[in-house]
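Residue numbers (the numbering used here): 416 to 996.
Backbone N, C-alpha and C define an ideal beta-carbon position, used for all residues, glycine too.
Here's the structure we're looking at; comments come further down.
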């Protein structure tokens, strides 16, 4: 073939030769000199295009005559010169390349003006439509989805399960416009503040015909964006605190080198922390978060999370922190460690009839190995003959226990559960704990962040940021409007539920949402219920004055089922909810 067409390189090491061949090819047979310069005399009589076909090259056809005005379209149909020339369609789609110079006959080479069937051109429209409707939607809504071994498959229900993690961003998308959430009037904004402070419960209709004219909807939207924060420093972003050194670095922090100012900040923080705990204990506050630079604490009132008493969960923890809590007399448990122990016990019970040498668990094998190492470490005493005079220290059990505890540090399994009166002891421990505040770095001397759904002493009212975006996505018939609503900030569980209830009415029960989680708080979805609650209805009735909507409160009383994961994606279709974690 290379002898037939000069400049053709079968190894494709010289793409410039192919470019020169196609550049010198004339559009018609009006220039015989150009044809002779490129093709041999025998093939030039047939024209450059037919000669290329006779040589076995599969070329993309030119536009029909009279279509020179569509130069851009013609350029887009040209074949990539750097692509492989043997990358032709399958025999079922197009004709096979022929290497015989005597083929094709003159009757077949007559120009019919009809282009050959091109595989890429045939599927281009379909691929664009599928990409615009599915792939673009997935990229714009759920680019953060990361599948882990703890993921729970999709489920369909009327409501999504309770999620105790803190979200940092929500991205709602819908075919209905979100313009009703833009530019609230001063009266609507003020009414939303009053409704929140007075804990007014708003009941919206199932389907709002024109959301832009619904003042009740806009006021309720303003009400659902409010949260309470302490401390508040306008020039610092105080959530999240774990891994926030880069965002805080370089910002003004006059308390970092002033111990007097640090004591004032901690004193005010202690008052606010105590105020929140008292509200929680009297069931006037459903829950709140304590966010430090190393770990996060979630306090929940009695009746929430499947527990009939006040509970607190800490994560992640370290052996040093747990030892300090033990020294203060705080009784706690490690729920995930206990579950693993029960699982190992069940496995050992099912393998009773197996031979003893074949059913040793990994801890037993590690114990044997450590015992052998211990015997070898004291073998030198036997060589000296003084093994009976020196008492052998029995530290193997303690070392193995410490090793297992250290292995779970900074991991989800290190979550700590504190219940009942021990939560008050934990309160005093956190107030007096010196390691609660960083001593160096950008967060040095900065008290932990307190997040609450209701007001407390020393708190500052803050608003989640809402932004609407309208984009056009390409489809087969042109472009399709895609509307989105973005919510950013520390989005707590009650805000997530309130916003979904609003959007269910405003968007006619059809929308989807991508949920971005503060990962250290995903572990709070672990079920911590030890025994069944007998007086659940009484506990829910006592929580009616906590400032939350009754439907939201009902969801928070459910048992967590997400485990170590959290909600990542949610889709509401005809008022039915599909979710993924």
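Per DSSP, what kind of secondary structure is residue i in: helix, strand or coil?
i	result
residue 719	coil
residue 857	coil
residue 626	helix
residue 897	strand
residue 882	strand
residue 976	coil
residue 981	coil
residue 949	coil
residue 747	strand
residue 958	coil
residue 637	helix
residue 740	helix
residue 670	coil
residue 595	helix
residue 828	helix
residue 541	Residue placement at residue 541 is poorly supported in this model, since its pLDDT is 38, which falls under 50; the coordinates still yield a value, given next. DSSP places residue 541 in helix when its eight states are reduced to three.
residue 822	helix
residue 841	helix
residue 872	coil
residue 731	coil
residue 631	helix
residue 851	helix
Can you tell me where the beta strand (DSSP E) holding residue i begins and where it ends?
i	result
residue 916	Element bounds for residue 916: not the beta strand (DSSP E) but the alpha helix (DSSP H), 908 to 921.
residue 587	582 to 589
residue 866	864 to 867
residue 612	Run containing residue 612: none in the beta strand (DSSP E); it sits in the alpha helix (DSSP H), 601 to 612.
residue 648	Per DSSP, residue 648 belongs to no beta strand (DSSP E) and is neither H nor E.
Measuring CB to CB, does residue i end up less than 8 angstroms from residue j?
i	j	result
residue 577	residue 922	no
residue 646	residue 595	no
residue 865	residue 904	no
residue 752	residue 823	yes
residue 960	residue 695	no
residue 711	residue 690	no
residue 593	residue 883	yes
residue 633	residue 674	no
residue 870	residue 643	yes
residue 911	residue 701	no
residue 838	residue 725	yes
residue 684	residue 667	no
residue 897	residue 588	yes
residue 669	residue 676	yes
residue 954	residue 635	no
residue 908	residue 971	yes
What are the boundary residues of the alpha helix (DSSP H) that residue i is part of?
i	result
residue 832	Careful: residue 832 lies outside any alpha helix (DSSP H), inside the beta strand (DSSP E) at 831 to 834.
residue 988	Not the alpha helix (DSSP H): residue 988 falls in the beta strand (DSSP E), residues 984 to 988.
residue 692	674 to 696
residue 967	965 to 971
residue 991	Per DSSP, residue 991 belongs to no alpha helix (DSSP H); it is in the beta strand (DSSP E), 991 to 995.
residue 928	Here residue 928 belongs to no alpha helix (DSSP H); instead the beta strand (DSSP E) covers 926 to 932.
residue 659	Neither: residue 659 is in no alpha helix (DSSP H) and is coded neither H nor E.
residue 940	Element bounds for residue 940: n/a, residue is neither H nor E.
Suppose the cutoff is 7 angstroms on Cβ atoms and the five residues either side in sequence are ignored; what does the same chain contact list for residue i look like?
i	result
residue 616	964, 965
residue 990	919, 924
residue 740	747, 844
residue 660	856, 857, 858
residue 913	639, 964, 967
residue 707	656, 851, 863
residue 981	578, 580, 932, 937, 940, 996
residue 686	872, 873
residue 611	638, 641
residue 621	920
residue 597	883
Which residues does DSSP list as the beta-bridge partners of residue i?
i	result
residue 642	877
residue 726	715, 834
residue 890	893
residue 703	714
residue 903	584, 880
Taking 6 angstroms as the limit between beta carbons, can you name the residues of its chain near residue i, skipping five residues before and five after?
i	result
residue 976	576
residue 743	844
Near residue i, which residues of its chain fall below 8 angstroms by C-beta distance, leaving aside the five closest residues on each side in sequence?
i	result
residue 749	823, 828, 829, 830, 831, 832
residue 988	924, 925
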